[in-house]
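Contents: one structure, followed by commentary.
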Amino acid sequence: MERIMEVELGRKVEVGEVVERKGTAGTVLIVRMAKKRDREGILERGGKINRDWGIRVDEDLTMEERKVRWRLVEKARIEKARGNEVEVGNRKMWVNGEVWRWDAEEDRWTEGSEGSEEENEEERYE
């Protein structure tokens with residue numbers, strides 16, 4: 001696993017901890033990265049790693065975070081079907097340039113630009 005990360009990132013990486021879990025669906029490796037930069041790099045290249053190496057990369061989310069992510073992906077799918085331009089980020093999405101967030105306390109979507117367009121652009125690619 002460490003070799004794959006080094007090839008994909010093009011540099012030496014530090015792995016903090018590896019836990020192996022076996023279940024009916026197969027084996028899952030939970031890898032804790034020593035550096036946030038390495039973690040973010042691997043998550044960014046998750047699709048490429050899946051195509052090239054056949055390994056699925058995903059964040060370890062709590063059940064509440066999974067519910068939010070599920071709602072986010074479902075809403076994005078609906079908006080794309082309506083012909084809108086959609087980009088999905090962490091806990092938010094952009095529909096035709098407007099930021100949409102799931103408000104767990106209100107149990108609803110909040111939409112609209114928050115901050116300047118430049119801030120939204122920067123936030124989108126962090």
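FYI, UniProt numbering numbers position 23 of the sequence shown as 23, with every residue one higher than the one before it. All residues carry an ideal CB built from backbone N, CA and C; glycine is no exception.
My output table needs one value for residue i: the three-state DSSP class, helix, strand or coil.
{"i": "E119", "result": "Because the pLDDT of E119 is 47, which lies under 50, any placement of that residue in the model is unreliable, and the question is left without a value."}
{"i": "E111", "result": "strand"}
{"i": "R21", "result": "strand"}
{"i": "K35", "result": "coil"}
{"i": "L61", "result": "coil"}
{"i": "V13", "result": "coil"}
{"i": "M1", "result": "coil"}
{"i": "E85", "result": "coil"}
{"i": "E106", "result": "coil"}
{"i": "G41", "result": "helix"}
{"i": "I78", "result": "helix"}
{"i": "R66", "result": "helix"}
{"i": "R101", "result": "strand"}
{"i": "I55", "result": "coil"}
Using a 10 Å radius around the Cβ and a threshold of 16 neighbouring Cβ atoms, would you call residue i buried or exposed?
{"i": "M1", "result": "exposed"}
{"i": "I78", "result": "exposed"}
{"i": "E87", "result": "exposed"}
{"i": "I42", "result": "buried"}
{"i": "E40", "result": "exposed"}
{"i": "M63", "result": "exposed"}
{"i": "D38", "result": "buried"}
For residue i versus residue j, is the C-beta spacing smaller than 7 Å?
{"i": "E20", "j": "L29", "result": "yes"}
{"i": "E111", "j": "W102", "result": "no"}
{"i": "N84", "j": "V95", "result": "yes"}
Got a sec? Which residues, its chain only, sit under 8 Å from residue i by beta carbon, not counting five neighbours each side?
{"i": "E6", "result": "K12 and V13"}
{"i": "E106", "result": "none"}
Leaving out the 5 sequence neighbours to the left and right, which residues in its chain are closer than 7 Å to residue i when beta-carbon positions are compared?
{"i": "R45", "result": "E8"}
Beta carbon of residue i: closer than 6 Å to some heavy atom of the ligand MN?
{"i": "E79", "result": "Absence of the ligand MN from the depicted structure is noted, as is the absence of any ligand whatsoever, leaving it without description."}
Leaving aside the five residues before and after residue i along the sequence, list all residues of the same chain whose C-beta is less than 6 Å from its C-beta, in chain order.
{"i": "D52", "result": "none"}
task: Mind the definition here: the stretch 11-19 touches the stretch 27-42 only if three or more C-beta pairs lie below 8 Å; say whether that holds.
output: The answer is yes - the stretch 27-42 touches the stretch 11-19, with three or more Cβ pairs under 8 Å.
message: Any contact between the stretch 56-76 and the stretch 85-98? By contact I mean 3 or more CB pairs, one from each, below 8 Å.
response: yes
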